[in-house]
Each structure stands twice: as C-alpha cells, then as structure tokens.
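What follows is one structure encoded as structure tokens, with my remarks underneath.
In this note's numbering, the protein residues as written are 12 to 592.
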C-alpha cells in the first residue's frame, strides 16, 4: 500500500517532513522530503513569519475574522509578502487577536513570534537566505501524479501544451449557415408542394362548378323547350305543341270609369317559360258567347254577366286559362299611380282637365317622357277623342299599365303591401298575395325590357281574324295548343258567307241543339257559292263530318286544313246552305 506523501510528519511520523518545492506545468504542487537541517531551518522560518504576521495584525487593531489574505482591504497587512521578495518594512509586534489566521500551520510550537523583518515565504524558502537550492535527488511525488520534467533526463516525455487541451466547444459559423440553407431549401420545397396542392384543388373545384353550371343550363333549356331538336313542332298538323307547352299565368283586368262610364279590358300575361310579359288589349267589340249560347260583346258581357261569366267566355273564345279577375276602378288606379311615385308615358295627344274651365291649359300634354300623376294617368287612360275608335283609348290604357308596371316594386312582399294599401276588395279566387306576386314578376319583366302591349285584332262584327289567331291567340296566349277536355263539347266556328245575315243565328241554334259549342267567326266580305267544313287534327275528322250532317251540308264539303284559333272545326256557310234542311 502506498503511503501518503506526508506520512511520518511531525513527532509521530518517524521521518523527515515534506516541503513544497513548486508547481508543475499543469498547476499541480510538487513536494520533496526535506533533510533534518532543512526541515529545522524551514520550521524556524515559518515560526518567525507567523509571529511577524501576528504582531502586524495586533498593531492594526484587527480582531476576530478581520484577516484579509489577499490584502484587498483599506490597510495592507504589514509583513505580508506573498512572493517572498523581502520588501515588506518591519512592523512592531502586536498582541495576537483571537481567531487570527495562520496559513500553512507555521505557528512555532514554543509560541515565539517570528523575527522582525522576516519575509513571508509560502514555498518554504528562508526569509534570511532567500530561495533554497533545489535538491533533485530527494524530490517526492504525489501518488498517481507524473513527476517533474527533470525526472525525465532523456527527454522522452511528451511535450504537452495548454492550447492542446482547449475542450471548450466554440460555435461553428459555417455549420450554422449550412443548417440555415438546408432549412430554407426544405421550406421552399414544402411551399412549392403546398402551392401545387392548392392549385390542383382549385382546378378540381372549378371543374365541378363548371359541370354544375353546364348541367343546370342544359336542364333549363330542356325545361324551356329550347334545346335544338327537342321542340315538338306539329307543323304537319297545323298546331304548335312547343307554344302550348309553355307555362303562362293570365289575369284579366277591367278598368271601370266611375265618372264617364264604360269599361276597358286587358289580359296581363306572364310567360314563365320564355320570361316574357305581355298586356293583351281586348276591344269591347270582341264577340263572345253568353251562358245561354247567345252571341254578345265583351263590353256587354262585363255589364251583364259580371266577372265570372266574362272570364269563362274569354277562355272559350281565346283558348286561355284565366286565373282571376282584377276589377280596377278609376279611383284605385289614381291611388296606385300615386303609390308607385308617378309614371312616365309617351303621350300621343293633349288631354284637357275635366275640372278646368274651357280654354285653360290641358291636364296632360302631348310629348315623349311625360310625367303623369294619378289624376293625369286616369285622365289619359280613359280619354277618347271625338271621332276616335275605341282602340285608341285602349292603347292609352295599355301605356298607363306599362308605366305602372315599370314603377312597381319587384319584391313580392312589397308589391303585396302596395295592393293591400289600395283598400280594394278583390274577387275570388284572386287574393292580395296572388296579385302582389303576379305584379312583382311583371314589374321585373317591364324593367328588363321584356314586357310589351299587343292589341287583339278583331273584325267590325267582333269576330277574330286569322292574323289574331297567329300573332296573339297562338303565340302570346297559346290558344291553339289548348286541348279541350275529353268529354267537352266540340267547338265550331261559323263564318257567314251566304249573303244573308240571319243565317248565322239559325246555324248557331242548330249546332247548340246538336251538342256543339258555337263560335261566331263574323261575316265574309263577299258571298261564296259552296260551304266548307274544315278540321286541323285527324282526330277531329269524325267531328267535322258530324258537323256537316248537323248543318245539312254535303259530306264532300269536309276537308283538312287550317282552323281558327278558338275552335276545333271551322265552317264557312256558302250560298248552298239551306237552314230548313
């Protein structure tokens, strides 16, 4: 077992003490075993130095723990020379204080203070003789410590230097730059991939939207019957199925002049398929069939048969399906124009003020873009000049209705509120909401330029012409496409070309008695020699033959051709017609 380097030190050690001879290049202390003379001399020097330090502290008044081993206080310790230079001036001995610091245990055993002026020698060097000569042969080593350089005379020990053991890790700027560059490259790649994913998502979403829009457009065109090749046209049979398949909402409006008397009638048509609105103006001379089968006029039917009878007669003649009747008296028209905030009309004549004296300025002036109040609108809509036909006044009423629709709100709820504000009582089945919704849709058409007025042309005797059937009844009202009920009576239009006016009434009675519905088609301008019975649909050939029998006409008079828009069989009575047959 290895002994400690200080084994045997002192009285009990049995050997010479060790003395510190210096530090190696690594800062570790190096000791050697001192000789007896050297040990005694070293012990005396330590005792003298400690006594000197003791006296110096007593002189300075330091007590307790006042020792400053590094001399950092306000008073430098007298006699303290950490490097053994011997330059410390002598001090007077002081009485030692309790707790004085004794470095290295150098207090003399006899309690004698060190000599005056003896320098402090921490390395065991004599204060009197300076540094002691080094004794290499007696150098001792701490266990597990390498010996001093002098122990290797051959110089084989490795030459270690302090800078070789700089183990502190210093940041490498280049490595940080590389890491940052790798992060930047990775982030940019991720951003590119994310941008590509977003672009693909947008493309897919756009494709889906376009597909939905295309499908919706095709579906709408199919519903409206506008797809090429899908319109079922019955040109060969004289009917137009596409026109009949269109959906139309129709309301009849009667303007009652409560001051001057008389009525004015029009059909408000909303074609929801083609998104077109039309005001069909009906002359008062239009011939209708009364409930008893007698021929009457539109004006007379409004006065005698009322709204319900007139609506049914119009459906019979025109082939329409009128949903309701709007009775609009002139006071309500005045209020309606004021509610919508006046209207603009291109007036075609001056209208005098009925309440003004003769010679005063007219109430309504002729000109384009005239602003009309409620009173002015009523005066213009009911005005009929001296010697004018009723159609002139009818067209003015159409202008006023068009102006009202342009100023009416397109919101159904607001339009319903406007109707309710009028305070009029509507005739069933028409309600305030139904009329409000209908007027709102027509208002939207009028504001978009999809509304027009059309005058139904009739002959002097009130019957319909071929032009009326083509331009209004068929195209606007879709009357030719209206199929009668399976058990309904066959409608027959009769045109008198016999030259005898009374023959029309006789033919009407015969047809009604035979179970047919009579439609008056007027009187021909010139008599014709032979009679003719015409049918358009092959299914009506048998009906046409039965009509010829009922009227006493020859079976050869039945032919296939074009019929009027309000009948399934057309009859032209010629001079060969004999009512008594």
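Every residue gets a Cβ at the ideal spot worked out from N, C-alpha and C, and that includes glycine.
Which residues mark the beginning and the end of the beta strand (DSSP E) in which residue 281 is found?
The sequence position of residue 281 within the chain shown is 270, counting from 1. First-last of the beta strand (DSSP E) with residue 281: 274 to 282.
Can you tell me whether DSSP reads residue 408 as helix, strand or coil?
Within the chain shown, the letter at position 397 stands for residue 408. In the structure shown, residue 408 sits in a helix (DSSP, three-state: H, G or I).
Please classify residue 568: is it buried, with 16 or more other beta-carbons within 10 angstroms of its beta-carbon, or exposed?
Within the chain shown, numbered from 1, the residue matching residue 568 stands at position 557. Classification for residue 568: buried.
Taking Cβ positions, are residue 409 and residue 277 nearer each other than 8 Å?
Taking the chain shown and counting its residues from 1, the one referred to as residue 409 is at position 398. Taking the chain shown and counting its residues from 1, the one referred to as residue 277 is at position 266. Contact flag set, yes.
Residue burial classification, residue 439 (beta-carbon count within 10 angstroms, cutoff 16):
The residue given as residue 439 occupies position 428 in the chain shown. Around the beta-carbon of residue 439, fewer than 16 other beta-carbon atoms lie within 10 Å, marking it exposed.
If we ignore side chains and look at the alpha-carbon of each, how far apart do residue 270 and residue 513 end up?
If you number the chain shown from 1, residue 270 lands on position 259. If you number the chain shown from 1, residue 513 lands on position 502. Distance between the alpha carbons of residue 270 and residue 513: 38 Å.
I need the straight-line Cα distance from residue 487 to residue 521, nearest angstrom please.
By 1-based counting over the chain shown, the position of residue 487 is 476. By 1-based counting over the chain shown, the position of residue 521 is 510. The alpha-carbon atoms of residue 487 and residue 521 are separated by roughly 33 Å.
Kindly indicate which residue of 418, 400 and 369 has the alpha-carbon position closest to the one of residue 384.
Residue numbering aside, residue 384 sits at position 373 when the chain shown is read from its first letter. Closest by alpha carbon: 418.
From the DSSP secondary-structure annotation, give me the bridge partner or partners of residue 463.
Counting from one through the chain shown, the residue named residue 463 turns up at place 452. Answer is 289.
Buried or exposed, going by whether 16 or more other CB atoms sit within 10 Å of the CB of residue 4?
The structure shown has nothing for residue 4, since the chain only spans 12 to 592.
Could you give the residue range of the alpha helix (DSSP H) that holds residue 351?
To locate residue 351, count along the chain shown from 1; it is residue 340. Per DSSP, residue 351 belongs to the alpha helix (DSSP H) from 341 to 351.
Can you tell me which of 548, 583 and 552 puts its alpha carbon nearest to the alpha carbon of residue 538?
The count along the chain shown starts at 1 and reaches residue 538 at position 527. The residue with the shortest Cα to Cα distance from residue 538 is 583.
Spell out a yes or no on whether the stretch 332 to 346 and the stretch 259 to 269 are touching, meaning 3 or more CB-CB pairs, one atom from each, closer than 8 Å.
Contact holds: three or more Cβ-Cβ distances are below 8 Å.
On the three-pair Cβ rule with 8 Å, is the stretch 437 to 456 touching the stretch 384 to 399?
In short, these stretches do not touch, since the Cβ pair count stays below three.
For the beta strand (DSSP E) containing residue 532, name the first residue and the last one.
For the purposes of this step, residue 532 is identified with residue 521 of the chain shown, where counting begins at 1. Unbroken beta strand (DSSP E) run through residue 532: 528 to 534.
Separation of residue 510 from residue 562, as counted between CA atoms
The residue labelled residue 562 in the question sits at position 551 within the chain shown. The residue labelled residue 510 in the question sits at position 499 within the chain shown. Computed Cα separation, rounded: 17 Å.
Kindly indicate which residue of 505, 532 and 294 has the alpha-carbon position closest to the one of residue 402.
Here residue 402 corresponds to residue number 391 of the chain shown, with the count starting at 1. It is 294 whose Cα lies nearest to the Cα of residue 402.
For residue 530, which residues of its own chain have a beta-carbon under 6 Å away from its beta-carbon, when the five flanking residues on both sides are left out?
As a first step, residue 530 must be located in the chain shown, where it is residue number 519. So the list reads 502, 504, 577 and 578, once near-sequence residues are dropped.
DSSP-derived helix/strand/coil call for residue 322
Your numbering for residue 322 matches position 311 in the chain shown. DSSP places residue 322 in helix when its eight states are reduced to three.
Would the stretch 320 to 329 count as touching the stretch 413 to 427 if we require 3 or more Cβ pairs under 8 Å?
no
Determine the closest residue to residue 286 out of 462, 406 and 213, with distance taken between C-alpha atoms.
In the chain shown, the residue the question calls residue 286 occupies position 275. Here the closest residue by C-alpha is 462.
Beta carbon of residue 343 nearer than 8 Å to that of residue 435
Translated into the one-based positions of the chain shown, residue 343 becomes position 332. Translated into the one-based positions of the chain shown, residue 435 becomes position 424. Yes, they are a contact pair.
C-alpha gap between residue 459 and residue 353, whole angstroms:
The sequence position of residue 459 within the chain shown is 448, counting from 1. The sequence position of residue 353 within the chain shown is 342, counting from 1. If you take the alpha carbons of residue 459 and residue 353, they lie about 19 Å apart.
Quick check on residue 439: does DSSP put it in helix, strand or coil?
In the chain shown, counting from the first residue as 1, residue 439 sits at position 428. Residue 439: coil per DSSP, three-state reduction.
Contact under 8 Å by Cβ, residue 366 with residue 380:
On the chain shown, position 355 is the one that residue 366 refers to. On the chain shown, position 369 is the one that residue 380 refers to. No; because the gap between Cβ atoms is not below 8 Å, this pair is not in contact.
Using DSSP's beta-bridge definition, name the partner residues of residue 64.
Residue numbering aside, residue 64 sits at position 53 when the chain shown is read from its first letter. For residue 64, which the question treats as bridged, DSSP gives no partner whatsoever.
Taking the alpha helix (DSSP H) that residue 355 belongs to, which residues open and close that run?
Mapped onto the chain shown, residue 355 falls at position 344. Where residue 355 is concerned, there is no enclosing alpha helix (DSSP H), although the beta strand (DSSP E) it sits in stretches over 354 to 358.
For residue 556 and residue 566, what's the separation of their Cα atoms in angstroms?
Here residue 556 refers to the residue found at position 545 of the chain shown. Here residue 566 refers to the residue found at position 555 of the chain shown. Separation of residue 556 and residue 566 (C-alpha to C-alpha, rounded to the nearest whole angstrom) is 7 Å.
Using a Cβ-Cβ cutoff of less than 6 Å, which residues in the same chain neighbour residue 312 once the five nearest sequence positions on both sides are dropped?
Within the chain shown, residue 312 is the residue found at index 301, counting from 1. Answer for residue 312: 299, 321 and 324, listed in chain order.
Residue 483 versus 280, 227, 395 and 377, residue with shortest Cα-Cα distance
Residue numbering aside, residue 483 sits at position 472 when the chain shown is read from its first letter. Nearest C-alpha to residue 483: 280.
With DSSP as the reference, label residue 394 as helix, strand or coil.
Numbered from its first residue, the chain shown carries residue 394 at position 383. Here DSSP, grouped into helix, strand and coil, assigns residue 394 to coil.
To the nearest angstrom, how far is the alpha carbon of residue 581 from that of residue 433?
Position 570 of the chain shown holds residue 581. Position 422 of the chain shown holds residue 433. Their backbone Cα atoms lie some 45 Å apart in a straight line.
What span of residues does the beta strand (DSSP E) with residue 295 cover, start to end?
Counting from one through the chain shown, the residue named residue 295 turns up at place 284. Run containing residue 295: none; DSSP gives neither H nor E here.
Name the DSSP bridge partner or partners of residue 260?
As a first step, residue 260 is located in the chain shown; it is residue number 249 there, counting from the start. BP columns for residue 260 point to 281.
Report the option in 411, 437 and 473 whose CA atom is closest to the CA atom of residue 464.
Within the chain shown, residue 464 is the residue found at index 453, counting from 1. Relative to residue 464, the option among 411, 437 and 473 whose CA is nearest is 411.
Do residue 405 and residue 308 have their C-beta atoms within less than 8 Å of each other?
As a first step, residue 405 must be located in the chain shown, where it is residue number 394. As a first step, residue 308 must be located in the chain shown, where it is residue number 297. It is not a contact, given that the beta carbons lie outside the stated cut-off.
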